[in-house]
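J.: Here you go, one structure.
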Amino acid sequence: MKKILIATTALMGLTAVPALSETIGISIPAATHGWAGALNFHAERTVERLSEANPDLEFVLTTTSDPGQQVSDLEDMVATRGIDALVVLPFESEPLTGPIQRIADSGVWVTVVDRGLAQEGIENLYVAGDNDSFGRTAGQYFADTLDEGAKVVVMRGIASTVDNERVAGFEAALEGSGVEVVAMDHGNWNRDTAFNLMQDWLSRFPEIDAVWAADDDMAVGALAAIDQAGRTEEMFVVGGAGMKEMVDRIRNSDPTVPVNVTYPPSMISTAIEMTALGLTSGAPMSGEFIIASELITPENAEDFYFEDSPY
Amino acid sequence: MSMATTAPTRRPRVNLAVIAPIVALIVLILIGMALNPNFLSYANITNVLARSAFIGIIAIGMTFVITAGGLDLSVGSMAAFVAGLMILVMNMLTESMGGGLPVILIGIALALFTGLAAGFVNGILITRAGIEAFILTLGTMGIYRSLVTWLADGGTLSLGYEMRELYRPVYYDGILGISWPIIVFAVLAILGEIVMRHTAFGRHCAAIGSNEKVARYSSVAVLRVRLMTYVLLGTLVGIAVVMYVPRLGSASATTGLLWELEAIAAVIIGGTLLKGGFGRVWGTVVGVLILSLIGNLLNLTDFVSPYLNGAIQGVVIILAVVLQRNTGAAR
Amino acid sequence: MTDPILALTGVTKSFGPIEILHGVDFALHPGEVHALIGENGAGKSTTMKILAGYLDPTGGQVTWQGKPMSFSGSEQAEDLGIIMIHQEFNLAEHLSVDQNVFLGRELRRGFLLDHKAMRAQTADLLGQLQCRVDPATPVNRISVPDKQMVEIAKALSRKARVLIMDEPTAVLTERETEVLFAQIERLRAEGVAILYTSHKLGEVKRIADRVTVLRDGTMVRSDLTADVSEDDMAAAMVGRELSDLFPPKPAHGAEPILEAQGITVPGVVHDASLTLHRGEVLGIGGLVGSGRTELAEAIAGLRPRSGTVRLKGQDLPANHVATAMRAGLVYLTEDRKGAGLLLDKTLRENLTLGQLDRFGSPLIDRKREEAALDSAIADFAIRAPERGMAVGDLSGGNQQKLLLAKTLLSDPQVVIIDEPTRGIDIGTKQQIYALIARLAAEGRSIIVISSEMPELIGLASRVVVMHAGRIVGELADAAVTEGNIVRLAMGLDGHEKDSAA
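Line order of the protein sequences matches chains A, B and C.
FYI, the numbering for the first sequence is 189 to 499, going by this note's numbering.
FYI, the numbering for the second sequence is 120 to 450, going by this note's numbering.
FYI, the numbering for the third sequence is 606 to 1106, going by this note's numbering.
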């Protein structure tokens, strides 16, 4: 809940500081899947809120669907909008490190969100979820609840650093527990792919005790396939990122969906707020700000349920 | 130079081009049987057939479009858009009308009509405004994809719980143990084959794809037939969506991603010529099954690293096509 | 006289089972213009293509500078200095004139193309040909005669030792022809061996030193031009009296069937009117590119047009071929392979393509289709080794008969036949002429468009002649002579000036 504290401070800071026309550029991936959609939702809402609270703060929000376009967007922002600060979620680390470094060198405040750059020390502020913790938290739950010899299938996301870190964390947590991962494949953070994959695994394995889907979109697909096969009683499914539907099932103590792991898309709000505060108040906001993943359980589910979020 | 081409080169009559896709399918089935005893289980066969249905239904329409010398890259996005719109409207209607069967029927009608209209827009712009099919449908592909993202506010559109339960049987139930998507796919495939092979429309599609000028000089209504292929495809996209939505009850920006390429690949694997002039619907059905089976087999085994799934698919597609070309259907 | 630079001895050529050339002897000498004449389909094109390395002979010998030669392809022949100017242009339509002239042999400066030099040299060549085309213009934007000039410029730019010209003057005006002849004279003086083909015997008499006549793939005579008259040449080409080839012309009624008034297709046909009577065979003459085909297509509803077309009193809409066909008017295209038949489809599919609604709806009745093909094969004497074969594998004559069968399947009252016998052998020609006469005798009305004078004269009782998009004259009965048609076609007698071309 540290995050919420910061946000509140940020707001207070903003309203207190005298008017100064500053422009903040925000560049994030387009809403191509649920989590990114929520990211967009939170970014837009935060921009709206901050603009209202402080009319002298200007925002430039761009969304991109590939690294190349993101580089162009950044160049445009610097060239045509003369931004004073940049909040960026790099589409990929390597290709964006150089361009962002140049922007930082020109004296622009840089906040990097979620995906670290290939070189350290470029950004003024780093706000990120913890992918290792995301996988480890889920893995720990599996190790704690499942018996030795239990059979688990793992649905990975799109092959990427994020995905590798999550899976590494998950595997590390399982180590020594005697829980066996019988199959692991890419569901690409996509419901349809996950549905097909789960159907095939259900045909292939007579016994599955639990499913870890590294994202709630995939969990939805997996659950539908399990439901179709009539094997709901046999296993539980743990997704990730705290989708509304999943949290709802948890707070209703659904045995198939016992827990979930957070990876809050609202981290973008934190990043924007902290940047705005850093710009306007001069308060020391630099450094790293890592938001660890939390386990959502029936007990605390109410705290993670956001009625109007699209995710 | 025309003389040189008239030199008759006898092509073998019994050519592998006809049976190559079937051979490939049989080989895949044999491999599947060898690798996993569950491969031929009722559940697995049903799963594969049912999941083939969406792309299969779309690919039937794509066969006509490609046979007539056209192309449609927008079908995947179109499916996502139609699905999104259908869910959105059904949710709205549930609030105002209180749900029930009428909402589902309206939703289905809406999906069919939207698909038809979207196909009509593609067709009319290609035939009347004379825009290259590739470019036009590349454009509408982006448009529909953005529209569904916008409709879903970047997230996922989900059918309300009550409606989902009511609509669910359309995907999961069936008659005599055969689920509806499979039945619909089979019926449409048979109808498609008949239309392609035994009606003036099918013959005209092949004639236009073979040589548009000859068709025009033979008083074939070239533009109308072309337009009809896109309308047919759009309508089939609508039908595919009607089958798709009850499965997961949701649509998002990633729904139907790359369906257009899978449909086109299935059509070509089936022996239809990419440049038009010859098409066969049964081949397309075989092509769709081949593509589905590859995915299924890779999931059922640890045969290859999951990182290489795409490579295996690519190799099989290329092999299937090479087999056909080498055996003489070069034209 | 010098030794031949390039010669054929006893050359034969077969396409599949059909032998096109039967033992041709032919020699080209440096500094000599040798005319090769013959009817369409006599084997001229094949002979030229063998000489230029595009085709291999099936039998016999090609000799280059006294030594036996077997070209690996036209590239090798071209490297030796054997250049062929094609009748169908071999130009890349989207490239500019200078890019075409230097295609494949671009001038370079270092790694880069030397555009300036290529442009200058092209302008120079075109200047010699008195052709006022900007070298930078894309080829698809220049006129047909200019394209011919570009082809000639391209040939001139290569150091030609043998120049093969396939009817170069077919699309040229008289003034342009004169310019071309001046260039030919210059090349002859430089010692280039020139092969020249033309249907215009007057030109042959004037420019050629030697003339060889081909008929049905056989060389019938070869003489110094000075020793033969134009009549001798014509007699040798045809080889028989015209009355042998053409059936008697049936008498026709006076009832007008088709009336076309003020037909205009922008840029190609201007205010053309004609009337066709019941049972009449009307000829349309004129040079290639004079608007004959475009006029016919406009009447048949295949092109946008202004003006009216009335068929038995019914107005036919512009650019709607299906209506014209239903009303009983059909057009048989000159472009058999490009617009007439689907070469990769079977005979049956081609035959019924335009009339599928008559073979059952919604499902096509395959049996009735097969029956229709049976009767077409019998009625039109189509020889196909296999019923299921692709039409592209048929010989030209059988393709043309199938196209006729296809066009006549709708049982039309008016048939417009464009180039009824292009590229087919003499035997089939005769069958087609008999068919046209029979159709007229049945009371149908026919329009025949042809570049072959004997065809027009032998078939039509009345001939209208087009020049530069206009109908410039009409000839009937005894006035239908080659001389009269040619004069009108060249725009000599008419009230029309050249500029409209």
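Where is the CB? At the ideal position from N, CA and C, for every residue including glycine.
None of the values given here were measured: they were computed from a predicted structure.
Distance, Cα to Cα, A/Tyr-314 vs A/Thr-463?
T.: Approximately 10 Å, taken between the alpha carbons.
J.: Can the beta-carbon of C/Ala-612 be found closer than 8 Å to that of C/Ala-632?
T.: Contact flag set, yes.
J.: Counting only the same chain and skipping the five closest in sequence on each side, list residues whose C-beta sits under 8 Å from that of A/Val-445.
T.: Excluding positions up to five away in sequence, the list reads Ala-407, Leu-411, Phe-424, Val-425, Val-426, Gly-427, Met-434, Arg-437, Ile-438.
J.: Throw me the rounded Cβ distance for the C/Ile-1052 and C/Ala-841 pair, which I believe falls under 8 Å.
T.: So it is not a contact: roughly 31 Å between Cβ atoms.
J.: Below 8 Å between beta carbons: does that hold for B/Val-339 and B/Gly-234?
T.: The answer is no: Cβ separation not under 8 Å.
J.: Using a Cβ-Cβ distance under 8 Å, would B/Pro-425 count as near chain A?
T.: Closer than 8 Å to some Cβ of chain A, the Cβ of B/Pro-425 qualifies, so yes.
J.: Do you know offhand how far A/Val-301's Cα is from A/Ser-348's?
T.: A/Val-301 and A/Ser-348: Cα-Cα distance of roughly 16 Å.
J.: Please state the DSSP three-state secondary structure of C/Ser-762.
T.: Helix at C/Ser-762.
J.: For B/Val-146, count neighbouring C-beta atoms within 10 Å of its own C-beta (all shown protein chains included) and say buried if the count is 16 or more, exposed if not.
T.: The residue in question, B/Val-146, is exposed, as its Cβ has fewer than 16 Cβ neighbours within 10 Å.
J.: Going by DSSP in three states, C/Val-873 sits in which element: helix, strand or coil?
T.: Looking at C/Val-873 - three-state DSSP - the assignment turns out to be coil, as it is neither helix nor strand.
J.: Mind listing the chain B neighbours of A/Arg-379? Cutoff is C-beta to C-beta under 7 Å, in chain order.
T.: Near A/Arg-379 (Cβ distances below 7 Å), the residues of chain B are Leu-367, Ser-369.
J.: Is the beta carbon of C/Ala-1094 less than 8 Å from the beta carbon of C/Gly-890?
T.: Cβ distance < 8 Å, so C/Ala-1094 and C/Gly-890 count as in contact.
J.: Would a C-beta distance cut-off of 8 Å place A/Ile-310 and A/Ile-346 closer than the cut-off?
T.: Result no, Cβ atoms of A/Ile-310 and A/Ile-346 do not sit closer than 8 Å.
J.: Which first and last residues belong to the alpha helix (DSSP H) in which C/Thr-651 is found?
T.: First-last of the alpha helix (DSSP H) with C/Thr-651: 649-656.
J.: Under 8 Å, Cβ to Cβ, is there at least one residue of chain A near B/Gly-279?
T.: So no, B/Gly-279 is outside the interface.
J.: Figure out for me which residue from B/Ala-384, B/Gly-375, B/Val-194, B/Met-209 has the closest Cα to the Cα of B/Tyr-280.
T.: Out of B/Ala-384, B/Gly-375, B/Val-194, B/Met-209, B/Met-209 has the C-alpha closest to the C-alpha of B/Tyr-280.
J.: For B/Ser-160, decide whether its Cβ has a neighbour in chain A, counting only Cβ atoms nearer than 8 Å.
T.: Yes, B/Ser-160 lies at the interface with chain A (some Cβ there is under 8 Å from its Cβ).
J.: Can you tell me whether DSSP reads B/Lys-394 as helix, strand or coil?
T.: It is coil, neither helix nor strand.
J.: Mark C/Gly-993 as exposed unless 16 or more other C-beta atoms lie within 10 angstroms of its C-beta, in which case mark it buried.
T.: C/Gly-993 should be labelled exposed.
J.: Compute the Euclidean distance between the alpha carbons of B/Ala-430 and B/Pro-156, then round it to the nearest angstrom.
T.: Computed Cα separation, rounded: 25 Å.
J.: Is the stretch 388-396 of chain A close to the stretch 362-371 of chain A, with three or more CB pairs under 8 Å?
T.: Flag = yes, the stretch 388-396 of chain A and the stretch 362-371 of chain A touch.
J.: List the residues of chain A whose Cβ lies closer than 7 Å to the Cβ of B/Leu-419, in chain order.
T.: Result: Asp-388, Ser-391, Arg-392.
J.: Does any C-beta atom of chain B lie closer than 8 Å to the C-beta of A/Gln-416?
T.: Interface residue, yes.
J.: On the criterion of 16 or more Cβ atoms from any shown chain inside 10 Å, does C/Gln-681 qualify as buried, or is it exposed?
T.: Classification of C/Gln-681: exposed, given that the 10 Å Cβ count is below 16.
J.: Assign C/Gln-704 to one of three DSSP states: helix, strand, or coil.
T.: In this structure, C/Gln-704 counts as helix in the three-state DSSP scheme.
J.: Closest to C/Leu-761 by C-alpha separation, out of C/Gln-1018, C/Ser-1000, C/Glu-795, would be which residue?
T.: Looking at the Cα atoms, C/Glu-795 is the closest of the given residues.
J.: Note down, in chain order, every chain B residue with its Cβ under 8 Å from the Cβ of A/Gly-256.
T.: Within 8 Å Cβ-Cβ: nothing; A/Gly-256 doesn't reach chain B, min ~16 Å.
J.: Would you check if there are 3 or more beta carbon pairs closer than 8 Å linking the stretch 394-407 of chain B to the stretch 209-228 of chain B?
T.: No: fewer than three Cβ pairs fall under 8 Å.
J.: Verify the CB distance criterion: does A/Asp-373 have a CB-CB separation below 8 Å to chain B?
T.: Yes, A/Asp-373 lies at the interface with chain B (some Cβ there is under 8 Å from its Cβ).
J.: Rounded to a whole number of angstroms, what is the C-alpha to C-alpha distance between C/Ile-862 and C/Asp-1016?
T.: Answer to the nearest angstrom: the Cα atoms are 15 Å apart.
J.: Apply the 10 Å Cβ neighbour rule to C/Asp-876 and answer buried if 16 or more other Cβ atoms are within range, or exposed otherwise.
T.: Looking at its Cβ environment, which holds fewer than 16 other Cβ atoms inside 10 Å, C/Asp-876 is exposed.
J.: State yes or no: is the beta carbon of B/Asp-272 nearer than 8 Å to at least one beta carbon in chain A?
T.: Chain A, which has a Cβ nearer than 8 Å to the Cβ of B/Asp-272, makes this yes.
J.: Give me, in chain order, the residues of the same chain whose beta-carbon lies closer than 8 Å to that of C/Thr-727; leave out the 5 immediate sequence neighbours on both sides.
T.: Excluding residues within five positions, the ones whose Cβ falls inside 8 Å are Val-702, Asp-703, Val-706, Phe-707, Pro-740, Ala-758, Ser-762.
J.: Closer than 8 Å between beta carbons: that is the criterion. Which residues of the stretch 190-213 of chain B meet it against chain A?
T.: The stretch 190-213 of chain B vs chain A, Cβ under 8 Å: nothing.
J.: Do A/Phe-322 and A/Tyr-493 have their C-beta atoms within less than 8 Å of each other?
T.: Not closer than 8 Å, so no.
J.: How about C/Gly-665: is its C-beta nearer than 8 Å to some C-beta of chain B?
T.: No - not a single Cβ of chain B is within 8 Å of the one on C/Gly-665.
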